[in-house]
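Okay, structure first, notes after.
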């Protein structure tokens, strides 16, 4: 049994018509008819009785229709779940930064972040820049929002913004950290 044959049969039974089934499958009516015929031949039983007012299921057709309905429901659910995997980001991010950044810089950024990434928990550690760099180096936090330059070996730094044209602030991470430090508009 081929999945396409089962889908063709299922749609004919559901729609009550080869023509409507073909339209819902984006196939021609003869293609759907061939799918059903091949399935009937493979099973050695008639599944559908063709009539002037559409189609009717045989006893074997009723059994197969009931079983294929749950199969296609499960396949559709699996597809939706798989499609969602690439879209929903889940997890926990630990950020170390100063009290000033927690008060003035992070609130609008976190509002946007939490709107976009509802399944990500953000854990903020209130630390001075030097401590934030050390925690990042020790892999105790995912990244630090610190004053730059950060000359610590083993850290990757990305300038995010400059305050009063004098002090650079940026993210520091371990070089192999999985999130890009790309700037967002």
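In my numbering, the protein residues as written are 420 to 604. Glycine residues also receive a C-beta, built at the ideal position from the N, C-alpha and C atoms.
Status (buried if at least 16 other CB within 10 Å, exposed otherwise) for residue i
i: residue 514; result: buried
i: residue 516; result: buried
i: residue 522; result: exposed
i: residue 560; result: buried
Identity of the residue in the options nearest residue i by Cα
i: residue 543; options: 537, 562, 536, 557; result: 562
i: residue 420; options: 437, 460, 482; result: 460
i: residue 465; options: 471, 520, 452; result: 452
i: residue 508; options: 551, 490, 527, 540; result: 540
Secondary structure of residue i, DSSP reduced to three states
i: residue 491; result: helix
i: residue 651; result: The structure shown does not extend to residue 651, since the chain is modelled only from 420 to 604, so the question has no answer here.
i: residue 431; result: helix
i: residue 516; result: strand
i: residue 604; result: Note on residue 604: pLDDT 35, under 50, position unreliable in the model; the coordinate value appears next. Of the three classes helix, strand and coil, the one that applies to residue 604 here is coil, per DSSP.
i: residue 599; result: A caution first: residue 599 carries a pLDDT of 44, below 50, which makes its placement in the model unreliable, though a value can still be read off. Note: residue 599 maps to coil in three-state DSSP.
Host alpha helix (DSSP H) of residue i (start-end)
i: residue 446; result: That residue, residue 446, is in no alpha helix (DSSP H); it is neither H nor E in DSSP.
i: residue 572; result: Run containing residue 572: none; DSSP gives neither H nor E here.
Cβ distance (whole Å) where residue i is taken to contact residue j below 8 Å
i: residue 566; j: residue 592; result: With 8 Å as the limit, residue 566 and residue 592 do not qualify as a contact, their Cβ atoms being about 16 Å apart.
i: residue 428; j: residue 474; result: Their Cβ separation, rounded to whole angstroms, is 10 Å, which puts residue 428 and residue 474 out of contact at 8 Å.
i: residue 432; j: residue 441; result: About 13 Å; that fails the 8 Å criterion.
Run of the beta strand (DSSP E) containing residue i, from where it starts to where it stops
i: residue 421; result: Counting along the chain, residue 421 falls outside any beta strand (DSSP E), and DSSP gives it neither H nor E.
i: residue 532; result: Element bounds for residue 532: not the beta strand (DSSP E) but the alpha helix (DSSP H), 525-535.
i: residue 475; result: 473-476
i: residue 590; result: 586-592
i: residue 469; result: 467-470
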